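The structure appears below as structure tokens.
Number of protein chains: 2
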Amino acid sequence: MALYVQALKSSSEVGSSSIDQIQSQKAPTTGLGFTGLAPLDASRLTFTHTANSRAVPLSNSPEVLSGETCTDHMITCQWTASGGWLAPELKPYGPLSLMPTSSSLHYAIQCFEGLKLYRGFDGRLRLFRPFRNAVRMLDSAKRISLPSFRPEEWVKLVAKLCAVDGPKWLPKERSGHFLYIRPTLISNDPSLSVKRPAKALFYIVISCLPAVDEREKGLRLLASQADMVRAWPGGFGYVKLGANYGPSMLAGDEAKKKGFEQILWLFRNENGIREVTEAGASNFMLVWRTREGRLQLATAPLDRQIFLDGITRRSILDLARERLSGDSDGGEGGEKIEIKERRLSMDDIVAACEEDRIVEAFAVGTSYFVSPVSLIQYGEKALEIPMVEGSTGVYARLFKAWLKAIMYGLEKHDWAYLVDSKE
Amino acid sequence: MALYVQALKSSSEVGSSSIDQIQSQKAPTTGLGFTGLAPLDASRLTFTHTANSRAVPLSNSPEVLSGETCTDHMITCQWTASGGWLAPELKPYGPLSLMPTSSSLHYAIQCFEGLKLYRGFDGRLRLFRPFRNAVRMLDSAKRISLPSFRPEEWVKLVAKLCAVDGPKWLPKERSGHFLYIRPTLISNDPSLSVKRPAKALFYIVISCLPAVDEREKGLRLLASQADMVRAWPGGFGYVKLGANYGPSMLAGDEAKKKGFEQILWLFRNENGIREVTEAGASNFMLVWRTREGRLQLATAPLDRQIFLDGITRRSILDLARERLSGDSDGGEGGEKIEIKERRLSMDDIVAACEEDRIVEAFAVGTSYFVSPVSLIQYGEKALEIPMVEGSTGVYARLFKAWLKAIMYGLEKHDWAYLVDSKE
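Chains A and B, in that order, give the protein sequences.
For the first sequence, full-length UniProt numbering begins at 1 and goes up steadily by one.
For the second sequence, full-length UniProt numbering begins at 1 and goes up steadily by one.
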């Protein structure tokens, strides 16, 4: 498995979107490390349709705002260490039955992914770079001792659930809207021993989440204090484990009480310098002018493995490299922009603010999409970030437009994955 | 709540066992911060006895070794942000029903405790310092945004479940044996929003765990490498969150593959010095002779909050201070021992090994009790630790004997909490 994922990764480091292009490719069975055990196999999916089909709530109705409403069905798939993956089941959405000793509930042996189903302006349903999510869940699973699977099968299962519930829950008249898909992999081992689970459960649900609104004021971020550190080198901040989310809520709540939307997580490096890592559970990007006068899009590098390799982050970097830098035509005003994954210290940001070199900043991720930042509170310092077009900056607006064009089918692009919903 | 717990803690810092003595004391209702909401109340417990009473497995039978076998009953208690705690229910042991979106499964909003029920040589059932567990779960709950409760009520519920299942599952003829109690507090909020849960579930199960055997060879520990760090200042290593356990399994598995029993977790401090923090999920203690020739019992201090404030650790320190140091009569040979919570660097330990100053080392905790350590593998260096009495050192044997005397009723002590099992 490790080798196969590695191969996927390195090929994608080279090209821009090799992972997104492998969707039709067959994975070598022997490369997945569980020869003799049944692999995850989307073609074995069984279908049990609900007899209690529910009404679809209006966008931004209380049911949607609660974050509790899911579509009619879910997919579940059991795994055992002795047999591998059983046949996946599509069935009515409903509660799971877990033993009180399940190690998912005691030792946080759990990981998840988040992606969206988009209803295009052409009436088609699409996913955005779902193989990225699949491969990231493999990384998460490995880190938390959960089983492996073929990314293609994972994506096919996600797409099959979307094909069943998408037409009703995200109908054609809701073009430009989305549903939120939550694939989840948990231990289902009922032993209190702290050990690699012998049973696991993979499941996929689709939730109705509220539309991402344009915030008039932009995000106000509170830089984290030394007594609250989200992740550290040698830890697990780079994967999507439950263990990264619960423990960071306390700091997030304190920020909200003080009137901020999110924590800007800092990391104090080996030289005592405070570096920016991410904003809430989103990646953080900055457009600024360097001291030498170059226009630069900067975001923290992945090398320390202390925050998530975001798919929105990666897509923006890819698009910006292709369309705004180097040999491209440059941005709106025609000025080329340097794209840099680099350490971002708070000292540098403070200095750039004082010297009026900040162009804009934004948080990027599947949930928050591209959210302009208007303020960073760093100790006593309130750093105001420009929002030249009222509620956004030029680049945040541009990246959103580019991404939306792909997600909603206004532009043909191999990052879009069409769901065969037979409508 | 914070104030009340604070009060409990500081009083216990002063006296030796104030927390253990408050069992009959009434907590001030107003001190718990949820006036108007129903508090956790053991007197509201309802009883539904099982109709399918199961056979008690033999000690160390496969059912016991699996870690999956629980007693006939469990206690569950629901909490909601709007109403507080509902009436707790004692009912047949069985699966929990959780929504697939429960934030316990996505964001690791979960914490637990572990304590034992002892069958004394006088035929009585006892708990050991259960208020310590209750107060620690309060600390855990606070860190992971779960609700508060009165420690007395928590302990009463634990004792009530023990009173129902103890007589059958730990009968009088099993004196000197124990069952393992697992109180667990999880979010039961079915919203995918990353937010403080509006619903929670507290439950208690009792598991049959194998007896802790004397290991002939002692524990062999593998010192952690820089690429695997369990906890860090500003994190949550000091509380009993699921998030501390799952992510550390990968390193534990690698240690086992290499023939070691546990990881010895190191922390690289701000000066680049590698300090010992804990062994697996147990605290680490060392008896050595200082360069100045003093006999010293040393263990890492709690101040950085990177490992658990273990109850066995604390009890050994308390007993050693009382019986071996200062004005006491001293240990077996009559030599007094200095008790020190101090930083323990690997460099110091290596030097002490080379200079033959190590007397013994052991890992201490509820699961592993007091387990002598025979070897620490630190990079290329294999540090052999003396075991003067074959399978143990003098002090490990002494602390075990002292603790067992209290746990199994050979010595009357206010750390023992008698369960009223009406046998």
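We treat Cβ as the ideally placed atom computed from N, Cα and C, and that holds for glycine.
Just so you know, these numbers come straight off a predicted model, no measurement behind them.
With C-beta atoms as the reference, is residue i less than 9 angstroms away from residue j?
i      : j      : result
B/K116 : B/T366 : yes
A/T392 : A/E360 : yes
A/L403 : A/V370 : yes
A/G326 : A/K340 : no
A/P88  : A/D165 : no
B/T50  : B/S191 : no
B/L209 : B/L170 : no
A/L219 : A/A279 : yes
A/R150 : A/Y417 : no
A/K160 : A/L96  : no
A/V364 : A/S248 : no
Can a CB atom of chain B be found closer than 9 angstroms to the CB of residue i?
i      : result
A/W79  : no
A/S187 : yes
A/V388 : no
A/G67  : yes
A/G246 : yes
A/I109 : yes
A/I101 : As written in the sequence, residue 101 of chain A is Thr, which differs from the Ile given in the question. It does: the Cβ of A/T101 has a partner Cβ on chain B nearer than 9 angstroms.
A/I273 : no
A/E411 : no
A/V229 : yes
A/P190 : yes
A/D253 : yes
A/A2   : In this predicted model, A/A2 has a pLDDT of only 39, less than 50, meaning its place in the structure is not dependable; the value taken from the coordinates is given anyway. A/A2 does not count as touching chain B.
A/V205 : yes
A/L86  : no
A/Y238 : no
Measure from the alpha carbon of residue i to the alpha carbon of each residue in the options, then state which is nearest.
i                      : options                        : result
A/I349                 : A/R230, A/R291, A/L201         : A/R291
B/S182                 : B/P171, B/C111, B/S191         : The question names Ser, but residue 182 of chain B is Arg in the sequence shown. Per the Cα distances, B/C111.
A/F267                 : A/I306, A/R294, A/L302, A/M407 : A/I306
B/T277                 : B/L138, B/L264, B/D139         : B/L264
residue 444 of chain A : A/D414, A/S207, A/M387, A/E355 : Because chain A in this structure spans residues 1 to 423, residue 444 of chain A falls outside the shown range and cannot be described.
B/G94                  : B/K412, B/T76, B/S224, B/H106  : B/T76
A/G36                  : A/F399, A/W85, A/V56, A/T71    : A/W85
B/R230                 : B/L308, B/V287, B/A298         : B/L308
B/E380                 : B/A223, B/D189, B/D122, B/I406 : B/A223
B/F260                 : B/Q377, B/E68, B/Q78, B/D303   : B/Q377
B/D420                 : B/I109, B/G123, B/D72, B/A55   : B/G123
B/S187                 : B/R314, B/T80, B/M228          : B/T80
A/G252                 : A/F399, A/Q225, A/Y238         : A/Q225
A/A55                  : A/V64, A/L221, A/T48           : A/V64
When you compare the CB of residue i with every CB in chain A, is at least one pair closer than 9 angstroms?
i      : result
B/C162 : no
B/V419 : no
B/P39  : no
B/G234 : yes
B/H106 : yes
B/V373 : no
B/G379 : no
B/I263 : no
B/T184 : yes
B/F34  : Residue placement at B/F34 is flagged as unreliable, the pLDDT there being 49, under the threshold of 50; the coordinate-derived value follows with that caveat. For B/F34, the answer is no, since every Cβ of chain A falls outside 9 angstroms of its Cβ.
B/M346 : no
B/R220 : no
The alpha helix (DSSP H) that contains residue i, what's its start and end?
i      : result
B/K400 : 394-407
B/H49  : Element bounds for B/H49: n/a, residue is neither H nor E.
B/A159 : 151-169
B/K353 : Note that residue 353 of chain B is Cys in the sequence shown, not Lys. First-last of the alpha helix (DSSP H) with B/C353: 346-354.
A/V64  : 62-65
B/S103 : 103-106
B/K256 : 249-257
Just to check, is the beta-carbon of residue i closer than 8 angstroms to a non-hydrogen atom of the ligand MG?
i      : result
A/G235 : The ligand content of the structure shown is nil, which means the ligand MG is not present either.
Kindly identify the DSSP beta-bridge partner or partners of residue i.
i      : result
A/S145 : None, per the DSSP bridge assignment.
B/S187 : B/A200
B/Y378 : B/K381
A/R220 : A/L375
A/G275 : Going by the sequence as given, residue 275 of chain A is Glu instead of Gly. A/E275 pairs with A/F267, A/S345.
B/M74  : B/K91
Start and end of the beta strand (DSSP E) containing residue i?
i      : result
A/S282 : 282-289
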